[in-house]
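Residue numbers (our numbering): 1 to 438. All residues carry an ideal CB built from backbone N, CA and C; glycine is no exception. These numbers were taken from a predicted model, which means no experiment stands behind them. A short worksheet on the structure shown next.
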């Protein structure tokens, strides 16, 4: 299977430049046969542990998203102002994911994931006590920064501990945990807020995340293929420069950011649309709308099968077409059409994200934590930009303006993928004469 989904060069990152920001110790990496795969001891424990971590991370990260109309009313804030309770968390995560991934090279993926979850859960239990909009945004930023240690470390952990042939499926399960966390957190907050207010809803999410963090801590297997070392800032800078100098990885980062721009815009604004005419839905029902996240669980877990059938570029084209169809369908003033549109948007987004993120881990055979961290930075910057711009667009031009923003991002994904396809074809044509000349 080719290491990319955009049709770009198959050059492997780290082949010609320093690839690790650490000076490794003498302990060699574990043999390939010791890596986890379905049917081997520890694989199921690892899957459940990372699934629980994904649930906790997304439940916490987007805990205020379904509550934005209630938060706006409580603090007399606009949609754009309230959206910062989401954008501050995702933006802080984007900024801190790279430095914390570097620390994971020294202290270990497992240790970094555990510490990140613990701090994020602690802050999550303080968030409901925020006395003002400013304090709420500040706490959410701290929470996002704490969560930054989880995603890139998880991707690197999987790349090191799981056999390559099972990597896409394993990452798909982690992403599926993200979708379950996003769904359960929003549904929980919707119904709790309707009964007891948005502060009680955020407290409920904190308790859910605490339970998931405990499951992760007791189930996650020890890393067997990780080699710790002392931090080397100069090597880290070279590794980051190498990744950013790889056109394939840059395209994958852009695809992740654009997909998340669509998703962040849609799910930040959808609550405002559904609370207004012609829908006028109560908070609990709006929260239940996020049951469509189950579609994301299925599509992300099925990403490996999609790639096997269609190839990586084919899977991306299918994902982006599904997302665009959902955006257009959501324009109708019919609740059934809006729900179906959300189903298509969610399915397309999670499939595209699973394909792109697994391609990053597979492409970067060295400095994987940094490669994944850069992807996560782009991904969550896309979420932060999408949430804020989507809310501003909604305030200016209604749902149609938010959809237009999403379609613009979709067009960006299509353009990048088409460009990658042309590059791949040109490389194949250049390779044929060179092979014939030998």
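In or out: residue 233 buried (at least 16 other Cβ within 10 Å) or exposed?
-> Label assigned to residue 233: exposed.
Quick one: what's got a C-beta closer than 6 angstroms to residue 241's C-beta in the same chain, skipping five residues either side?
-> For residue 241, where only same-chain residues beyond five positions count, there are no Cβ hits under 6 angstroms.
Residue 177 to residue 197 span [Cα, whole Å] | Between residue 177 and residue 197, the C-alpha separation is close to 26 angstroms.
What residue does the alpha helix (DSSP H) around residue 163 start on, and which one ends it?
-> Per DSSP, residue 163 lies in no alpha helix (DSSP H) segment and is marked neither H nor E.
Look at the alpha carbon of residue 54 and the alpha carbon of residue 215, and state the distance between them as a whole number of angstroms.
-> The straight-line gap from Cα to Cα measures roughly 11 angstroms.
Limits of the alpha helix (DSSP H) - the one that residue 78 falls within | From DSSP, residue 78 is part of no alpha helix (DSSP H); its letter is neither H nor E.
Close-in-space but distant-in-sequence residues of the same chain around residue 33 (CB under 7 angstroms, 5 per side omitted) = With a pLDDT of 44 at residue 33, under the threshold of 50, the predicted position of this residue should be treated as unreliable, though the coordinate-derived value follows. Here the set comprises nothing.
Pairwise C-alpha distance: residue 259 and residue 271 = One C-alpha to the other measures close to 20 angstroms.
Can the beta-carbon of residue 115 be found less than 8 angstroms from the beta-carbon of residue 144?
-> No; because the gap between Cβ atoms is not below 8 angstroms, this pair is not in contact.
Apart from the five residues on each side of it in sequence, which residues of its chain come closer than 8 angstroms, Cβ to Cβ, to residue 316?
-> Close CB contacts of residue 316 within its chain, under the 8 angstroms cut and outside five residues either way in sequence, are with 5, 6, 255, 352, 355, 356, 413, 417 (chain order).
Under a three-way DSSP split, which group does residue 231 fall into?
-> In the structure shown, residue 231 sits in a strand (DSSP, three-state: E or B).
Where does residue 148 fall in DSSP's three states?
-> Assigned with DSSP and collapsed to three states, residue 148 falls in coil, not helix or strand.
With a threshold of 16 other CB atoms inside 10 Å of the CB of residue 41, please say whether the residue is buried or exposed.
-> Counting of Cβ neighbours within 10 angstroms places residue 41 among the exposed residues, the total staying below 16.
Could you check where the alpha helix (DSSP H) with residue 307 kicks off and where it finishes?
-> It spans 303-329 - the alpha helix (DSSP H) in which residue 307 sits, taken as one unbroken run.
Determine the contact status of residue 154 and residue 249, defining contact as a CB-CB distance below 8 angstroms.
-> Not a contact, by the Cβ cut-off of 8 angstroms.
When the Cα of residue 298 is compared with those of 363, 348, 200, which residue comes out closest?
-> It is 348.
Can you tell which of 374, 212, 200 has its C-alpha closest to the C-alpha of residue 120?
-> Checking every option, the nearest Cα to that of residue 120 belongs to 212.
Got a sec? Which residues, its chain only, sit under 6 angstroms from residue 409 by beta carbon, not counting five neighbours each side?
-> Result list for residue 409: 258, 261, 262, in chain order.
Cβ-based neighbour list, residue 415, same chain, cut-off 6 angstroms, excluding 5 preceding and 5 following | Closer than 6 angstroms at Cβ, skipping near neighbours: no residue.
Got a sec? Which residues, its chain only, sit under 7 angstroms from residue 45 by beta carbon, not counting five neighbours each side?
-> 219, 221, listed in sequence order.
Residue 79 and residue 308 closer than 8 angstroms at C-beta | No, these two residues do not count as a Cβ contact at 8 angstroms.
Exposed unless 16 or more other CB atoms sit within 10 angstroms - verdict on residue 429 | Exposed, since its Cβ has fewer than 16 Cβ neighbours within 10 Å.
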